[in-house]
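Asker: Here it is, the structure in full.
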Amino acid sequence: MQIFSAGIKMNLFLYSFFIMLVNLTKQEIFFLFALPNLFRVVTNLSPFMPLDGYLMLTTILKKPNIRKNSFDLLKSFGKEKKKVQLPIIIYTLISIIFIGFLLITQTLTFINNFKIAYNFGNTNFIKFIYQMRAYSILIIIILIKQLITYVNKKRGHRNESH
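Quick note on numbering: the sequence shown equals residues 10 to 171 in our numbering.
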């Protein structure tokens, strides 16, 4: 349990540290560092995504694969007669709603940040890219990962044919 909660504890520590800096320095800029850490604590504690909260829940209940089993049940809904467990159905529905909520809020945040960066840097494309650096870096990392995956698959197919 200590391992699963280490990241949460660190984010909580960072949140507390930056809140203390806000109080000591009266510089609200530190909220920009504090709030994402608080958001990570809340998100990681959620048992509805495969993060720390989910791992803690499966450990406490001593039931591995709760998430997989719940989504398997959803996929097989109506196909075969299985004993339906109300807690699993509730967990699945809350998971779907929670993930949907996160997707919507993160998409809206991305769009809003994009607008802010564009309005800030609309006279200079370089300024715009600089404002969007976190997203730019993330996109580059994703593209590199996809390229590596593609190359590895091609190598695997080539090795299988020989």
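Note that CB positions come from ideal geometry on N, CA and C, so glycine has one too.
All of these numbers come straight from a predicted model, not from anything done at the bench.
Distance check for PRO96 and PHE39, CA to CA, integer angstroms please.
Answerer: Translated into positions along the sequence shown, residue 39 becomes position 30. Translated into positions along the sequence shown, residue 96 becomes position 87. Those two C-alpha atoms are separated by around 41 Å.
Asker: By the DSSP assignment, the alpha helix (DSSP H) with PRO56 in it spans what residues?
Answerer: Here residue 56 refers to the residue found at position 47 of the sequence shown. No alpha helix (DSSP H) contains PRO56, which DSSP labels as neither H nor E.
Asker: Can the beta-carbon of LEU82 be found less than 8 Å from the beta-carbon of THR101?
Answerer: Against the sequence shown, residue 82 aligns to sequence position 73. Against the sequence shown, residue 101 aligns to sequence position 92. Yes, they are a contact pair.
Asker: From GLY62 to VAL50, what does the alpha carbon distance come to, in whole angstroms?
Answerer: The count along the sequence shown starts at 1 and reaches residue 62 at position 53. The count along the sequence shown starts at 1 and reaches residue 50 at position 41. Roughly 10 Å separates the two Cα atoms.
Asker: In terms of residues, what are the limits of the alpha helix (DSSP H) holding ASN32?
Answerer: Sequence index remark: in the sequence shown, residue 32 carries index 23 (1-based). 11 to 34 is the span of the alpha helix (DSSP H), which, as asked, contains ASN32.
Asker: Are the stretch 13 to 22 and the stretch 46 to 60 touching by the rule of at least three beta carbon pairs closer than 8 Å?
Answerer: Touching, per the Cβ criterion.
Asker: Check whether the Cβ atoms of PHE27 and SER104 lie closer than 8 Å to each other.
Answerer: By one-based count along the sequence shown, residue 27 stands at place 18. By one-based count along the sequence shown, residue 104 stands at place 95. No, these two residues do not count as a Cβ contact at 8 Å.
Asker: Between which two residues does the alpha helix (DSSP H) harbouring PHE80 extend?
Answerer: The residue labelled residue 80 in the question sits at position 71 within the sequence shown. From DSSP, the alpha helix (DSSP H) with PHE80 extends over 75 to 84.
Asker: Could you give the residue range of the alpha helix (DSSP H) that holds ILE69?
Answerer: Taking the sequence shown and counting its residues from 1, one reaches residue 69 at position 60. Its alpha helix (DSSP H) spans residues 61 to 70.
Asker: On a CA-only basis, which of GLN36, ILE148, ASN46, GLY109 is nearest SER25? Give me that one, please.
Answerer: What you label residue 25 is simply residue 16 of the sequence shown in a count that begins at 1. Cα-wise, what sits closest to SER25 is ASN46.
Asker: How many angstroms separate the CA atom of ILE148 from the CA atom of MET29?
Answerer: Mapped onto the sequence shown, residue 148 falls at position 139. Mapped onto the sequence shown, residue 29 falls at position 20. Going by the C-alpha atoms only, they are around 33 Å apart.
Asker: If we ignore side chains and look at the alpha-carbon of each, how far apart do ILE150 and GLN36 end up?
Answerer: Locating residue 150 in the sequence shown gives position 141, where the first residue counts as 1. Locating residue 36 in the sequence shown gives position 27, where the first residue counts as 1. Computed Cα separation, rounded: 33 Å.
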